[in-house]
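To start, the structure under review is shown below, and the notes come after it.
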Amino acid sequence: WCEDLSLERVFVDSVDSDTPDKIPVLNLESKVVQAPKLLGDLVESVIGAIYLDCGEDIMKVWEVIWPWFESFYTSFSEKPPKNPKAMINELYPGLRRVTESYPGDHYKFIATITIATRDKDDKVSKYDFKTIGRDRETAMEVSYGRALHFHKKFLANGPMS
Numbered sequence: 029w030c031e032d033l034s035l036e037r038v039f040v041d042s043v044d045s046d047t048p049d050k051i052p053v054l055n056l057e058s059k060v061v062q063a064p065k066l067l068g069d070l071v072e073s074v075i076g077a078i079y080l081d082c083g084e085d086i087m088k089v090w091e092v093i094w095p096w097f098e099s100f101y102t103s104f105s106e107k108p109p110k111n112p113k114a115m116i117n118e119l120y121p122g123l124r125r126v127t128e129s130y131p132g133d134h135y136k137f138i139a140t141i142t143i144a145t146r147d148k149d150d151k152v153s154k155y156d157f158k159t160i161g162r163d164r165e166t167a168m169e170v171s172y173g174r175a176l177h178f179h180k181k182f183l184a185n186g187p188m189s
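Under my numbering, the sequence shown has 119 at position 91, and the numbering climbs by one with no breaks.
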């Protein structure tokens with residue numbers, strides 16, 4: 029069930045429907061389990077259990093868990109990934125970002141990222157990526173991710189005419 033409710037699943041489904049003509053508002057309400065938090069809690073629990081089972085010997089814990097993380101650590105240390113926010117801010121230094129409370133519900137937020145491009149005829153096109161989420165950070169993170177996916181899919185080879 030987690031796969032169907034994960035932020036990644038909702039995100040992938042949404043960005044595939046984003047087109048230059050239509051970028052729908054993405055509402056994360058009741059669809060999302062914060063997968064990174066959930067997985068982090070799970071890993072912490074497993075490592076804690078190993079720590080207790082090993083008689084609180086931290087070196088023994090490393091011997092057990094290092095094989096799980098070695099390839100991940102090696103690949104990320106050789107080529108650290110940039111997060112979508114940093115990449116979009118570099119690509120579109122004049123972007124507009126707004127986070128506001130959802131009307132009538134102060135426990136939900138609307139995050140909007142607006143990127144603008146200029147074509148060869150100097151025509152400006154603006155694209156808004158709106159996401160409704162339970163917290164500002166998640167809503168903004170998904171909006172940035174959508175903007176980056178859109179950039180790669182439609183704008184990476186130069187502005188559309």
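All C-beta atoms in this analysis are idealised placements derived from N, C-alpha and C, irrespective of residue type, glycine included.
Note down, one range per segment and in chain order, each alpha helix (DSSP H) of at least 4 residues found wholly within the stretch 61 to 111.
-> 63 to 81, 86 to 106
Report back the beta-carbon spacing between Y130 and I51 to the nearest angstrom; my notes put them in contact at under 8 Å.
-> Between I51 and Y130 the Cβ distance is about 19 Å, and since that is not below 8 Å, they are no contact.
Beta-ladder partner(s) of K154, from DSSP | A144
How many Å lie between S73 and E128 at the Cα?
-> 35 Å
Grouping DSSP H, G and I as helix and E and B as strand, with all else coil, what is P48?
-> coil
Could you work out which residue in D49, I141, T102 is closest to L123 when comparing CA atoms only?
-> I141
On a CA-only basis, which of A139, G68, L183 is nearest A167? Give me that one, please.
-> A139
Cβ neighbour criterion (16 or more within 10 Å) applied to L80 | exposed
Alpha carbon to alpha carbon, how far is F157 from D133? Give it in angstroms, no decimals.
-> 20 Å
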